[in-house]
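Basically the working numbering = 1-based index in the sequence shown + 1249.
The C-beta atom is built at its ideal place from N, Cα and C for all residues, glycine as well.
Down below is the structure, laid out as structure tokens.
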Amino acid sequence: MNPPRSDFVAPPQGGAPSGPAEPVPRLPLEKATAVPLLDVRDFSLEFRTRSGTVWALEAINFQVNKGEIVGLVGESGSGKSVLSYAMLGISDRAAKVTSGSAVFGGMDLLKADEGTLANLRGREISMIFQSPRTALNPIRPVGLQIQDVLRRHAAATGADLSRSLKDRAVQALREVAIADPERRVNAYPFEMSGGMCQRVMIALALACRPSLLVADEPTTGLDVTTQAAVMDLITGLARVRNMATIFITHDLALAADYCDRIIVMHAGHAVESAPTEALFARPQHPYTARLMSSTPGEHSSIASLAPVPGNLPDLKRSDLPACRFAERCERATDRCRSERPVLDPTQIHSVACWHPLTSEPDAGSAPANKPTPDPAHA
Ligand SMILES: Nc1ncnc2c1ncn2[C@@H]1O[C@H](COP(=O)(O)OP(=O)(O)OP(=O)(O)O)[C@@H](O)[C@H]1O
Ligand code: SF4
Ligand SMILES: [Mg+2]
1250 MNPPRSDFVA
1260 PPQGGAPSGP
1270 AEPVPRLPLE
1280 KATAVPLLDV
1290 RDFSLEFRTR
1300 SGTVWALEAI
1310 NFQVNKGEIV
1320 GLVGESGSGK
1330 SVLSYAMLGI
1340 SDRAAKVTSG
1350 SAVFGGMDLL
1360 KADEGTLANL
1370 RGREISMIFQ
1380 SPRTALNPIR
1390 PVGLQIQDVL
1400 RRHAAATGAD
1410 LSRSLKDRAV
1420 QALREVAIAD
1430 PERRVNAYPF
1440 EMSGGMCQRV
1450 MIALALACRP
1460 SLLVADEPTT
1470 GLDVTTQAAV
1480 MDLITGLARV
1490 RNMATIFITH
1500 DLALAADYCD
1510 RIIVMHAGHA
1520 VESAPTEALF
1530 ARPQHPYTAR
1540 LMSSTPGEHS
1550 SIASLAPVPG
1560 NLPDLKRSDL
1570 PACRFAERCE
1580 RATDRCRSER
1590 PVLDPTQIHS
1600 VACWHPLTSE
1610 PDAGSAPANK
1620 PTPDPAHA
């Protein structure tokens, strides 16, 4: 692998590793059964737009434990961002929560008022956005942006402001391994590379030491080496601080490299949740298996890759099948179209499917769809 970019330096002792590093050790499996930090149940959300209702999320169930790194994986449009925005109370005005709860540290985020959520954001739950250049304020030096966050939450956290906020901002940049932080603290985002801007975003998100970080496609647009360095940094800091992390990505291989557990989403449904090794050893949902077959791996050849057949259904349709994968699934039966399968978040390996890959399709109910044969699952 290439050496890390010269923009970056090794972090201080006790900080996160810098640049491509040894894989971050996984949490022991027993942690998966601990009391969840975040417990999402039966969460449904729709967008009421002029052109109709978008049934964006339906009956979502999942949990995240303290210190756990969870990958939220699925094709574009599967609802990964919408789900995280709703939990942070930053959804579009057209979004309406129609059922469910998202309990974080004993509080239902979906019922909390804006003031409470504003106090939680950045302090208890932080988010790293897909595009750091648009998320950062272009006309404010990055150091001042970090100081704004520290000042905003100082009263609530009881933080000691006697040490200069500028020193703290410099320290925050040092912790994300930005070289020459004393100089960079005065820089504007446009003076920095994409990788450095993403590190500033990480510094901003982690300034108040949140217990849950949501990272939405944090490495989009970065070259492979910088992507690895940024992922090593996020997951390294998560481990050091015992911070739960939801890592949103459409890249199953990237999630496999860094996550303790993976939740697979399809068309607004959470369809499978399992520890990473278990998911790869034995995927149970037909969509998960198809996603794996379409993901390049260490030993896969181009010829062995097969795209997931069909497309995501239009989420505006009033006649969506109960299992939204039914029209793409070779195991689909009448039951799949009429009765919605749901995920049991209390199970270590859980699947929302009437005919998971560990079982045979019901005798007598012939599969309805015949997607392109997939060599890996033929
Ligand atoms: N403001 C909105 N109004 C109407 N529909 C919306 C709105 N925001 C999102 N959606 C729809 O909700 C669904 C989920 O979108 P979302 O952005 O969460 O997908 P995603 O999984 O994050 O995709 P990507 O990988 O492309 O970021 C999509 O069908 C999208 O078109
Ligand atoms: S077998 Fe049925 S429930 Fe399972 S994914 Fe296919 S269509 Fe959905
Ligand atoms: Mg998204």
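Asked, Found
"Can you tell me whether F1574 is helix, strand or coil according to DSSP?", "coil"
"Decide yes or no for the touch test of the segment 1595-1610 against the segment 1569-1580: beta carbon pairs closer than 8 Å, at least 3 of them.", "yes"
"Please list, in chain order, all residues of the same chain as H1534 whose beta carbon is under 6 Å from its beta carbon, the five residues on each side excluded.", "V1520, E1521, V1600, C1602"
"For Y1334, is the beta carbon positioned less than 8 Å from some heavy atom of ligand 2?", "no"
"Between D1593 and ligand 1, is the CB less than 8 Å from at least one heavy atom?", "no"
"Report all residues for which the CB-ligand distance to some heavy atom of ligand 3 is below 7 Å; order them along the chain.", "K1329, S1330, Q1379, D1465, E1466, I1497"
"Rounded C-beta distance between D1397 and V1352? I'm assuming under 8 Å.", "So it is not a contact: roughly 29 Å between Cβ atoms."
"Rounded to the nearest angstrom, what separates T1474 and P1467 at their Cα positions?", "14 Å"
"Checking the sheet assignment: what are the DSSP bridge partners for Q1312?", "D1288"
"Quick check on D1481: buried or exposed, where buried means 16 or more other Cβ atoms within 10 Å of its Cβ?", "buried"
"What is the rounded straight-line gap between the Cα of A1343 and the Cα of I1511?", "29 Å"
"Would the segment 1441-1456 and the segment 1377-1397 be scored as touching if the rule is three or more Cβ pairs under 8 Å?", "yes"
"What are the residues that DSSP puts in a beta bridge with D1357?", "V1352"
"For P1285, which residues of its own chain have a beta-carbon under 7 Å away from its beta-carbon, when the five flanking residues on both sides are left out?", "Q1312, V1313, N1314"
"Regarding V1419 and ligand 1, is the C-beta to nearest heavy atom distance less than 8 Å?", "no"
"Could you tell me whether any Cβ in chain D is nearer than 9 Å to the Cβ of A1487?", "Looking for chain D here will not work: only one protein chain is present."
"Output the distance between the C-alpha atoms of T1484 and L1332, rounded to the nearest integer angstrom.", "21 Å"
"Based on Cα-Cα distance, which residue from I1318, R1531, V1513 lies nearest to A1487?", "I1318"
"For A1477, count the other beta carbons within 10 Å of its own beta carbon; 16 or more makes it buried, fewer makes it exposed. Which is it?", "buried"
"Apart from the five residues just before and just after D1291, which ones in its own chain have a Cβ nearer than 6 Å to its Cβ?", "A1308, S1348, G1349"
"Flag this pair as yes or no: are the beta carbons of L1461 and I1497 separated by less than 9 Å?", "no"
"Return yes when the C-beta of D1341 is under 8 Å from any heavy atom of ligand 1, and no when it is not.", "yes"
"At what residue ranges does the segment 1468-1532 contain a whole run of the alpha helix (DSSP H), taking only runs of 4 or more?", "1473-1490, 1501-1507, 1525-1530"
"DSSP three-state label for E1424, please.", "helix"
"Can you tell me which of the three DSSP states R1370 falls into?", "strand"
"Taking E1373 as the reference, which of K1329, A1504, V1463 has the closest Cα?", "V1463"
"Between which two residues does the beta strand (DSSP E) holding D1465 run?", "1461-1465"
"Helix, strand or coil, according to DSSP, for I1597 in the structure here?", "coil"
"Indicate, with yes or no, if ligand 2 has a heavy atom lying under 8 Å from the CB of R1584.", "yes"
"CB R1433 to CB L1414, shorter than 9 Å?", "no"
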